[in-house]
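Undergrad:
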């Protein structure tokens, strides 16, 4: 995570250098200060501004977009007495950064987010800690509001998390597994958080597909927040120069067949021969996931037959390995669970594997 320190005075510089000695970052003085701070807003993950809060607010206000994308901003006085979490306290990490800066300076962290002040679990912080994607951020305020008002929240997950177990023991949450929820087939009567790669409560009664971006079950029902653990590795093989739209559509169609949200993607994987394919590279960029290139030797070392992976003599002749999509997804997932073995499309193969160590 990249950090930039801004200061306007000599005393502020001393503090910035002391902080950067423990939490490395780039230092900026008052030279072209406004332009540098505005540029840094789009460049760094964290900004630590050692100056008056009003200065920072006036400069950055026109740049603010959303807490899901804005950097974490902390403001400190030049003596380090206070570290104020100013912007993106949870998702941007400013609350934790303020605590860290205060500990380094010997001062106090100033945190004003309601859940932190009340000592309640914040699901955006929870999602960030556990590497989850928030599917419908608009529902978050309703879940937080329920917790702050003392209203129990239902959490549907097949995993075990210590913080949720503790909250349930305190009577603040009701925990249910996905299977229990499927058996009950109830609509939400209480604010609900779903932690799953694809399960939704808004599915049509006849089992028809439903969109993954619904924040509530419908009129007169409680809000539902969807958190998607990033555990799915997609393997892709393709002919030379297949366009990005075709590859992306094939991947999304395969995820849909498995009932998985695209937000649960952890990575896209392939072999070295396909690592420079423009369509694969563009698909990874569009979906916001890294591309993992699996060495050919690692695939050759696999017991392909024992794993039950489909093979192809033609693929072996063209690529040098018996499997591209499934083998690369399997290895990228840490030899996890094969969910979909080589789904074929025109000039494209897609496979899906799930990281076992992250399934809980």
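Residue numbers (the UniProt record's numbering): 1 to 360. C-beta atoms are modelled at their ideal positions from N, C-alpha and C, and glycine is treated no differently. Just so we're clear, the structure is a prediction, and the values are computed from it rather than from any experiment.
(1) Under 7 Å, do residue 59 and residue 34 count as touching if we go by C-beta distance?
(2) Which value, in whole angstroms, describes the spacing of the CA atoms of residue 293 and residue 307?
(3) From which residue to which residue does the alpha helix (DSSP H) around residue 315 run?
(4) Terminal residues of the continuous alpha helix (DSSP H) containing residue 21?
(5) Can you list, in chain order, the stretches of the beta strand (DSSP E) that have 3 or more residues and sit fully within the UniProt domain "Cobalamin biosynthesis central region" (122-195)?
(6) Look at the alpha carbon of residue 112 and the alpha carbon of residue 82, and state the distance between them as a whole number of angstroms.
(7) Please work out which residues of its chain come closer than 6 Å, Cβ to Cβ, to residue 13, disregarding the five sequence neighbours upstream and downstream, and give them in chain order.
(8) For residue 353, which three-state DSSP category applies?
(9) Buried or exposed, going by whether 16 or more other CB atoms sit within 10 Å of the CB of residue 129?
(10) Output the distance between the C-alpha atoms of residue 15 and residue 65, rounded to the nearest integer angstrom.
(11) Is residue 33 helix, strand or coil when you go by DSSP?
(12) Checking 7 Å against the spacing of the C-beta atoms, do residue 348 and residue 250 come in under that value?
(13) Among 135, 351, 153, 45, which has the Cα closest to the Cα of residue 173?
(14) Can you tell me where the beta strand (DSSP E) with residue 269 in it begins and where it stops?
(15) Residue 320 and residue 296: beta carbons closer than 7 Å?
(16) Between which two residues does the beta strand (DSSP E) containing residue 243 stretch?
(17) Starting from residue 26, trace the beta strand (DSSP E) both ways and give me its first and last residue.
(18) Classify residue 341 as helix, strand or coil using the three-state DSSP reduction.
(19) Determine the burial state of residue 305: buried for a count of at least 16 other Cβ atoms within 10 Å of its Cβ, exposed for fewer.
(20) Hey, is the segment 176-183 in contact with the segment 114-128, meaning 3+ C-beta pairs nearer than 8 Å?
(21) Do residue 353 and residue 327 have their C-beta atoms closer together than 7 Å?
(22) Can you list the beta strand (DSSP E) stretches of 3 or more residues lying completely in the segment 52-92, in chain order?
(23) The beta strand (DSSP E) with residue 50 in it runs from where to where?
(24) Going by alpha carbons, who is nearest to residue 262 out of 337, 276, 286, 61?
(25) Run through DSSP, which three-state label would residue 292 get?
(26) Rounded to the nearest angstrom, how far is the Cβ of residue 340 from that of residue 258, given a contact under 8 Å?
TA: Working from what's here:
(1) As a working note, residue 59 is residue 59 in the chain shown. As a working note, residue 34 is residue 34 in the chain shown. Cβ atoms of residue 59 and residue 34: closer than 7 Å.
(2) Indexing the chain shown from 1 puts residue 293 at position 293. Indexing the chain shown from 1 puts residue 307 at position 307. Each residue's Cα considered, the two are about 20 Å apart.
(3) On the chain shown, residue 315 is found 315 positions in, with the first residue counted as 1. From DSSP, the alpha helix (DSSP H) with residue 315 extends over 313-319.
(4) Here residue 21 is taken as the residue at index 21 of the chain shown, counted from 1. Counting along the chain, residue 21 sits inside the alpha helix (DSSP H) bounded by residues 10-22.
(5) 132-134, 153-157, 173-176, 192-195, all fully within the UniProt domain "Cobalamin biosynthesis central region" (122-195).
(6) In the chain shown, residue 112 corresponds to position 112, counting from 1. In the chain shown, residue 82 corresponds to position 82, counting from 1. Roughly 13 Å between the two C-alpha positions.
(7) As a working note, residue 13 is residue 13 in the chain shown. Excluding positions up to five away in sequence, the list reads 7.
(8) Here residue 353 is taken as the residue at index 353 of the chain shown, counted from 1. Of the three classes helix, strand and coil, the one that applies to residue 353 here is strand, per DSSP.
(9) Translated into positions along the chain shown, residue 129 becomes position 129. By the 10 Å Cβ count, residue 129 comes out exposed.
(10) Indexing the chain shown from 1 puts residue 15 at position 15. Indexing the chain shown from 1 puts residue 65 at position 65. About 30 Å.
(11) Here residue 33 refers to the residue found at position 33 of the chain shown. Helix.
(12) Stepping through the chain shown from its first residue, residue 348 is reached at position 348. Stepping through the chain shown from its first residue, residue 250 is reached at position 250. In this structure, residue 250 lies closer than 7 Å to residue 348 by Cβ.
(13) On the chain shown, residue 173 is found 173 positions in, with the first residue counted as 1. Closest option to residue 173, Cα to Cα, is 153.
(14) Start at 1 with the first residue of the chain shown, and residue 269 comes out as number 269. Note, residue 269: beta strand (DSSP E), 265-270.
(15) Here residue 320 refers to the residue found at position 320 when the chain shown is read from its first residue. Here residue 296 refers to the residue found at position 296 when the chain shown is read from its first residue. With a cutoff of 7 Å on beta-carbon distance, residue 320 and residue 296 are scored as near each other.
(16) By one-based count along the chain shown, residue 243 stands at place 243. That residue, residue 243, is in no beta strand (DSSP E); it is neither H nor E in DSSP.
(17) Along the chain shown, read from residue 1 onward, the residue named residue 26 stands at position 26. According to the DSSP assignment, residue 26 belongs to the beta strand (DSSP E) that extends over 26-28.
(18) Along the chain shown, read from residue 1 onward, the residue named residue 341 stands at position 341. In the structure shown, residue 341 sits in a strand (DSSP, three-state: E or B).
(19) Sequence index remark: in the chain shown, residue 305 carries index 305 (1-based). With fewer than 16 Cβ atoms within 10 Å of its Cβ, residue 305 is classed as exposed.
(20) They do not touch, by the three-pair rule.
(21) Translated into positions along the chain shown, residue 353 becomes position 353. Translated into positions along the chain shown, residue 327 becomes position 327. Between residue 353 and residue 327, the gap from beta carbon to beta carbon reaches 7 Å or more.
(22) With a minimum length of 3 residues, the continuous beta strand (DSSP E) runs that stay inside the segment 52-92 are 72-76, 82-87.
(23) For the purposes of this step, residue 50 is identified with residue 50 of the chain shown, where counting begins at 1. It spans 46-50 - the beta strand (DSSP E) in which residue 50 sits, taken as one unbroken run.
(24) Here residue 262 refers to the residue found at position 262 when the chain shown is read from its first residue. Among 337, 276, 286, 61, the Cα nearest to that of residue 262 belongs to 286.
(25) Within the chain shown, residue 292 is the residue found at index 292, counting from 1. Reduced to three states, the DSSP call for residue 292 is strand.
(26) The sequence position of residue 340 within the chain shown is 340, counting from 1. The sequence position of residue 258 within the chain shown is 258, counting from 1. The beta-carbon separation of residue 340 and residue 258, rounded to 6 Å, stays under the 8 Å limit for a contact.
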